[in-house]
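Engineer: The structure's right below; bear with me while I get my questions together.
In full-length UniProt numbering, the protein residues as written are 1 to 553.
Structural data, given as structure tokens:
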């Protein structure tokens, strides 16, 4: 009888335990099934597997926490790589959606443009317990995420971007080759961890913004005028800052940035520099980078000036053009003056030839085209023999030392590039390999194309320069055929790329690299729109089918 009572008690206890959900799953026995199915495991087996998975997650989290606490920021890229890959897989696995954040993508592009120009990139937000936060990199990360979401969740978005790239397939292949060679050069770098870290930064701040510009200025329908309105506001703010800086002889925020982080080398660079007079840097780290921005924007000012419809607009844009020249002089950067002259000389030639082709019987275009060689010779003579112009364009006097330094850098770079000519030393590693230093001992490289050859190799340099040259050719060709404008927008983009070549000959700083990539995307988008207009004209004349053209909004 006692045994019966004991058995009933144990039975009641097991029944009570079985009613508890967690215990019930543990007490579940394994079950045999047909061979074509997976056997059902016992509850203890499932619990052991889940416990092992939880233990692995805890150990990995502990390791990541230790690495973040111990390793310097430059070595955290490798630790973050698995997390980045998981994030990319999650975005790639997102299902197609009816609506995608294209409006947010366009807004983030504009915000990135303003941050790139107005916010000094050498200022990073320093919060306790967190790595230094660069505003440009933070906004670029958001823009990159939005771009990937749009590509992953919208078939139409993917089709539009692909159609825009197919419209200029040769240029698209060169651009993809350039981006791919950047990655390969970093993987094969002499310092892979640091080089790949720089590549990730370039991807967030340059590559993503390039493909965003492809979509914005192509299928999204954003025009060059739309771009001009926004970049003119940003550049105006910077030029006003530069004019105020010229009065006090130091950057405006020098004594008010204690809560932000700045590299000691940047602090040294921000110390007031003089070349007979103070050299303005505005929101950039050097007057050369500031002057490059001014030179790159000049062709778009000319575009708005020549297409102005009222005298008020003409006077306003002429004044803005003069303000750019004044700011270029304040920077004392010769590349700014050279770029300004190249932009105006090239615009005069393109406008004359376009008017000659567009307005038959008009003598203005043909006269200016014919007299252009004489005007060009006069400009060359002025640069050669007028002392003030000669010094500002070609150098001499106080500027001669920088010319001599670039000559020394070029000769020092040749044997270094010859050792790794195909893929180079990795992004940012070329200067260290060349190892040319200033009198103060600072590592420096000022020749843009030479630095690129050392960083990503001669093959990458060839892809980069070929893309620029072929883009200029295609843009000029399309612009000469455009009847819609007095001065087509293709000319503005082409001249800005020409100015880019002149500045990269003597400057290697990456401050304006995102702007270069925006120009690349604008070139592809504008060429797609020009091709679309040609097809529309053919459709209007019954010689083509409009539905064969790529989709557009």
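The beta carbon of each residue, even a glycine, is placed where N, CA and C say it ideally should be. A quick note: this is a predicted structure, and the numbers were derived from the prediction, not measured.
Kindly indicate the opening and closing residues of the alpha helix (DSSP H) around residue 283.
Structural biologist: Residue 283 -> no alpha helix (DSSP H), and no H or E assigned at all.
Engineer: Can you give, in chain order, each stretch of the beta strand (DSSP E) that sits fully within the region 453-523 and has at least 3 residues?
Structural biologist: none
Engineer: Start and end of the alpha helix (DSSP H) containing residue 436?
Structural biologist: Element bounds for residue 436: n/a, residue is neither H nor E.
Engineer: Give the DSSP-derived three-state secondary structure of residue 305 in the structure shown.
Structural biologist: Under the three-state reduction of DSSP, residue 305 is assigned to helix.
Engineer: Report the three-state DSSP secondary structure of residue 417 (helix, strand or coil).
Structural biologist: helix
Engineer: Given 8 Å as the limit, is there contact between the region 284-299 and the region 330-337, that is, 3 or more CB pairs closer than that?
Structural biologist: yes
Engineer: Are the region 453-461 and the region 218-232 touching, with three or more C-beta to C-beta distances below 8 Å?
Structural biologist: no
Engineer: How would you label residue 60, buried or exposed, when you count the other beta carbons within 10 angstroms and need 16 or more for buried?
Structural biologist: exposed
Engineer: First and last residue of the alpha helix (DSSP H) that includes residue 160?
Structural biologist: 155-167
Engineer: Residue 247: which of 213, 282, 232 sits nearest, CA to CA?
Structural biologist: 282
Engineer: Between residue 214 and residue 164, how many whole angstroms is the CB-CB distance? I'm expecting something under 8 Å.
Structural biologist: 5 Å
Engineer: Going by C-alpha to C-alpha distance, which of 449, 205, 315 sits closest to residue 512?
Structural biologist: 205
Engineer: Taking the alpha carbon of residue 406 as the point to measure from, which residue in 451, 92, 529 has its own alpha carbon closest?
Structural biologist: 451
Engineer: Round the Cβ separation of residue 117 and residue 238 to the nearest angstrom and send it over; I've been treating them as touching at under 8 Å.
Structural biologist: 6 Å
Engineer: Just curious, the alpha helix (DSSP H) that residue 341 is in, first and last residue?
Structural biologist: 334-358
Engineer: Could you give the distance in angstroms between the alpha-carbon of residue 150 and the alpha-carbon of residue 160?
Structural biologist: 11 Å
Engineer: The alpha helix (DSSP H) with residue 216 in it runs from where to where?
Structural biologist: 208-216
Engineer: From residue 306 to residue 487, what does the alpha carbon distance come to, in whole angstroms?
Structural biologist: Answer to the nearest angstrom: the Cα atoms are 6 Å apart.
Engineer: Take every Cβ of the region 308-322, pair it with every Cβ of the region 488-505, and state whether three or more of those distances are shorter than 8 Å.
Structural biologist: As far as the Cβ criterion goes, the region 308-322 does not touch the region 488-505, which means the pair count is below three.
Engineer: Keeping to the same chain, check which residues put their C-beta closer than 7 Å to that of residue 414; ignore five residues upstream and five downstream.
Structural biologist: none
Engineer: Among the candidates 188, 207, 271, 303, whose CA atom is the shortest distance from the CA of residue 179?
Structural biologist: 207
Engineer: Using the beta-carbon count (16 or more within 10 Å), is residue 301 buried or exposed?
Structural biologist: The residue in question, residue 301, is buried, as its Cβ has 16 or more Cβ neighbours within 10 Å.
Engineer: For residue 464, is the classification buried or exposed, using 16 other Cβ atoms within 10 angstroms of its Cβ as the cut-off for buried?
Structural biologist: buried
Engineer: So, are the CB atoms of residue 152 and residue 92 less than 7 Å apart?
Structural biologist: yes
Engineer: How is residue 331 classed by DSSP in three states: helix, strand or coil?
Structural biologist: helix
Engineer: Give the DSSP-derived three-state secondary structure of residue 554 in the structure shown.
Structural biologist: No answer is possible for residue 554: the residues shown for the chain start at 1 and end at 553.
Engineer: Name the two residues that bound the continuous alpha helix (DSSP H) containing residue 104.
Structural biologist: 102-118
Engineer: Cα separation between residue 189 and residue 431?
Structural biologist: Their Cα atoms are separated by approximately 13 Å.
Engineer: Buried or exposed: where does residue 439 fall if 16 or more other Cβ atoms within 10 Å of its Cβ makes it buried?
Structural biologist: exposed
Engineer: With 16 other CB atoms within 10 Å as the buried threshold, where does residue 10 fall?
Structural biologist: Low confidence applies to residue 10: its pLDDT is 48, below 50, so where it sits in the model is not reliable, and the reading given next is rough at best. Per the 10 Å Cβ criterion, exposed.
Engineer: Please list the terminal residues of the continuous alpha helix (DSSP H) segment that includes residue 98.
Structural biologist: Note, residue 98: premise wrong, no alpha helix (DSSP H); not H, not E.
Engineer: If you follow the alpha helix (DSSP H) that residue 248 is part of, which residue opens it and which one closes it?
Structural biologist: 224-248
Engineer: Looking at the strands, I want to know which residues DSSP matches up with residue 443.
Structural biologist: According to DSSP, residue 443 bridges with 437.
Engineer: Could you spell out the range, first to last residue, of the alpha helix (DSSP H) harbouring residue 192?
Structural biologist: 192-202
Engineer: Looking at C-alpha atoms only, which residue of 437, 468, 441 is the closest neighbour of residue 449?
Structural biologist: 468
Engineer: Report the CB separation of residue 295 from residue 339 in whole angstroms; it is logged as a contact under 8 Å.
Structural biologist: At roughly 3 Å, the Cβ-Cβ gap stays under 8 Å, so residue 295 and residue 339 are in contact.
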